[in-house]
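Reviewing the structure listed below.
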Amino acid sequence: MRGSVISKFKEDSPAASQMRRAIRNIKMAVNGIRSILITSPARGDGKSLITSLLALTLARDNPERHVLIIDCDMRKPSQHLLFNISRRPGLSELLVEMTDMDEACRETEMENLWLIPSGGEAKSPEQLLSSPRVSDLVRACRTYFDFIVCDSPPVLPANDAILVGTHLDGVALVVRAYKTQRGEAKKALELLRSSGIKIFGLIANDIEVRGYYGYES
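Residue 103 in numbering that gives the first Met the number 0 sits at position 104 of the sequence shown; the count goes up by one each step and never skips.
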């Protein structure tokens, strides 16, 4: 079995420093920001790995805090793979009331980091994420967790990111060096802003060299 992202992500790696810098820029833990959506303009920008590393850094640097990742990308989920956790039950089952939080919310190898995976395949992710149960879930999670970090599909191909982002404190947009087109990033930001979602900033994913994260396949 592959090691999880927890065992492969080194605290002294360049990417760990990048994540700490992103957290400082977003001002999480100092400005009352407790929930954040991580997304990107298009696929292939690395937003899912950034989500896991950001949450992992929050958990490592704040051992007294409880951190939760929610994989809201039901179209191409990956958080369960990164953490070597079964995909179901998870978010999709929670939203149709086929499971409860005790079953869907999993412990990871780090004692103060939990994950709600995407759950089983959903016929209509957009319809599920339009449910008022999303707001109920976020509200319940805020009762138990200090920080909530959500992964979602990219902004441009679907409405999922906007549907989730409206329930959170704000969003950070991941852009990839030499890949993300300026026009794509601009359009994604416009869509988020026009939906009333607070933009915390951009996270530049400029990792091109194998092992830069201290994470190797």
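Ideal Cβ placement from N, Cα and C applies to all residues, glycine included.
Item                                                                                               : Value
Leu190 (DSSP reduced to helix, strand or coil)                                                     : helix
Any 3 or more C-beta pairs closer than 8 Å across the segment 152–165 and the segment 33–41        : yes
Burial state of Pro62 (16 or more Cβ within 10 Å)                                                  : exposed
Any non-hydrogen atom of the ligand MG closer than 7 Å to Glu125 Cβ                                : In the structure on display, the ligand MG does not appear, and there are no ligands present to speak of.
Through-space distance from Asp135 to Leu128, alpha-carbon basis                                   : 12 Å
Inter-stretch contact at 8 Å, needing at least 3 Cβ pairs: the segment 171–190 / the segment 42–51 : yes
CA-to-CA distance, Thr165 to Lys217, given in whole angstroms                                      : Within the shown structure, residues of the chain are numbered from 0 to 216, placing residue 217 beyond reach of any answer.
At least three beta-carbon pairs within less than 8 Å, the segment 142–150 to the segment 51–65    : yes
Residue from Leu162, Glu108, Gly119, Gln126 with nearest C-alpha to Ile5                           : Glu108
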